[in-house]
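S.K.:
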Amino acid sequence: MKAAERIGRTIDLFYRWPFDRILSRELFRYAACGGGNMLSDAVLYFLIYHYIIAERYLDLGFVVVSPHIASLAVVFPFTFLIGFWLNRNIAFRGSRRKTRTQLLRYLLSVAGAIALNYLCMKIFVDALHFWPTPSKLLTTVISALYSYAAARYFTFRS
Numbered sequence: 043m044k045a046a047e048r049i050g051r052t053i054d055l056f057y058r059w060p061f062d063r064i065l066s067r068e069l070f071r072y073a074a075c076g077g078g079n080m081l082s083d084a085v086l087y088f089l090i091y092h093y094i095i096a097e098r099y100l101d102l103g104f105v106v107v108s109p110h111i112a113s114l115a116v117v118f119p120f121t122f123l124i125g126f127w128l129n130r131n132i133a134f135r136g137s138r139r140k141t142r143t144q145l146l147r148y149l150l151s152v153a154g155a156i157a158l159n160y161l162c163m164k165i166f167v168d169a170l171h172f173w174p175t176p177s178k179l180l181t182t183v184i185s186a187l188y189s190y191a192a193a194r195y196f197t198f199r200s
């Protein structure tokens with residue numbers, strides 16, 4: 043049995059009441075994969091920030107990068123590829139598009155999610171003067187809805 047099949051079956055063990063009444067199996071798998079990818083992002087960020095970047099500024103010669111931004115830059119390719127693999131092989135298995143096409147579309151949808159996060163935070167915090175933490179929570183919900191729609195109807199469309 044392949045790793046994707048094992049992961050999918052493990053996720054499906056939790057697809058019971060009340061989830062099976064309110065979410066499709068695809069959406070449930072997408073949420074589980076997204077949660078797993080978020081967890082891997084947090085763990086990788088912690089390890090890279092504290093042990094590889096070691097909380098130091100990174101001097102690239104033409105620019106000095108702060109440790110938290112350098113850590114984000116190092117973590118991004120890993121979580122990008124993990125997220126793509128999880129979505130392609132577990133959440134949206136029905137798509138028959140070429141991997142290269144899906145990867146390019148996934149990159150575009152992730153870029154859209156990043157831009158949407160930035161735009162929402164600027165609007166909520168700077169323009170509407172909402173508190174940052176509730177703004178981030180609302181932004182995360184909006185971004186998750188966008189990301190699911192982009193994956194379902196654009197990146198991994200059957």
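Be aware that the sequence shown starts at 43, since it is given in the numbering used here, and climbs by one per residue.
Each residue gets a CB set at the ideal place from its N, CA and C atoms; glycine is no exception.
Just so you know, these numbers come straight off a predicted model, no measurement behind them.
Give me the Cα-Cα distance between Y206 and A155, rounded to the nearest whole angstrom.
M.R.: Limits of the chain in this structure are 43 at one end and 200 at the other, which puts residue 206 out of reach.
S.K.: Starting from V152, trace the alpha helix (DSSP H) in both directions and tell me its first and last residue.
M.R.: What you label residue 152 is simply residue 110 of the sequence shown in a count that begins at 1. Run containing V152: T141 to M163, per the alpha helix (DSSP H) assignment.
S.K.: Note down the Cα distance separating L146 from R98, rounded to an integer number of angstroms.
M.R.: Here residue 146 is taken as the residue at index 104 of the sequence shown, counted from 1. Here residue 98 is taken as the residue at index 56 of the sequence shown, counted from 1. Approximately 33 Å between the Cα atoms of the pair.
S.K.: Could you check if S81 is buried or exposed, using at least 16 other CB atoms within 10 Å of its CB as the buried criterion?
M.R.: Sequence index remark: in the sequence shown, residue 81 carries index 39 (1-based). Correcting the residue type first, residue 81 is Leu in the shown sequence and not Ser. Exposed: under 16 other Cβ atoms inside 10 Å.
S.K.: Determine, using beta carbons only, whether L100 and P109 come nearer to each other than 9 Å.
M.R.: Translated into positions along the sequence shown, residue 100 becomes position 58. Translated into positions along the sequence shown, residue 109 becomes position 67. A contact, by the Cβ cut-off of 9 Å.
S.K.: Just tell me which of V152, R58 and P119 has its CA closest to the CA of A186.
M.R.: Along the sequence shown, one-based indexing puts residue 186 at 144. Out of V152, R58 and P119, V152 has the C-alpha closest to the C-alpha of A186.
S.K.: Who are V116's beta bridge partners in DSSP?
M.R.: Numbered from 1 along the sequence shown, position 74 holds the residue referred to as residue 116. Paired residue(s): none; V116 is not in a bridge.
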